[in-house]
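Here is the structure we will look at, set down as structure tokens.
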Amino acid sequence: MLELIVTALTVLIAPVSLAVLNHILKGREKSLERVAKSVSRIEEAVDKTAQGTRAILSYRLIKDMRGALHAGFTTVDKVQEVAELYESYENLGGNSVVSTLFIEYKNLPLKRKGG
5 MLELIVTALT
15 VLIAPVSLAV
25 LNHILKGREK
35 SLERVAKSVS
45 RIEEAVDKTA
55 QGTRAILSYR
65 LIKDMRGALH
75 AGFTTVDKVQ
85 EVAELYESYE
95 NLGGNSVVST
105 LFIEYKNLPL
115 KRKGG
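Residue 5 is where the sequence shown starts when you use my numbering, and the numbers rise one by one after that.
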């Protein structure tokens, strides 16, 4: 008799358990879809931010390096500052226009600040 009750309960509980499990999985699937969409939006924002940052760095580097090339010299402090900006620019996928100027810029004579 006990076996019959266990078998009957198993037969009755199994479909209900399966239905509950399917419902839970569908909810998780929808959650994963929302997370994937959020991640996609974040990736787009990061890409746009990187492009904007690269443009600002390019402008600043070109302005600073052309100014120093025009003056015919630079300072140690300025070289360090420009080198740090250039490294960030390169890490963001910068192009050869700034790279060409940087090569010329590194070859400028150094003068003391204010001297």
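The beta carbon of each residue, even a glycine, is placed where N, CA and C say it ideally should be.
Taking the CB atoms as reference points, tell me whether residue i and residue j lie closer together than 9 angstroms.
i: L65; j: V50; result: no
i: T79; j: L114; result: yes
i: L22; j: A54; result: no
Please state the DSSP three-state secondary structure of residue i.
i: L114; result: strand
i: M69; result: helix
Taking 9 angstroms as the CB-CB cut-off, is residue i touching chain B?
i: N99; result: Here chain B cannot be found, since the structure has a single protein chain.
Starting from residue i, follow the alpha helix (DSSP H) in both directions and report where the run begins and ends.
i: N95; result: V80 to N95
For the putative contact between residue i and residue j, defined by C-beta atoms under 8 angstroms, what is the C-beta separation to the nearest angstrom?
i: L73; j: Y109; result: 6 angstroms
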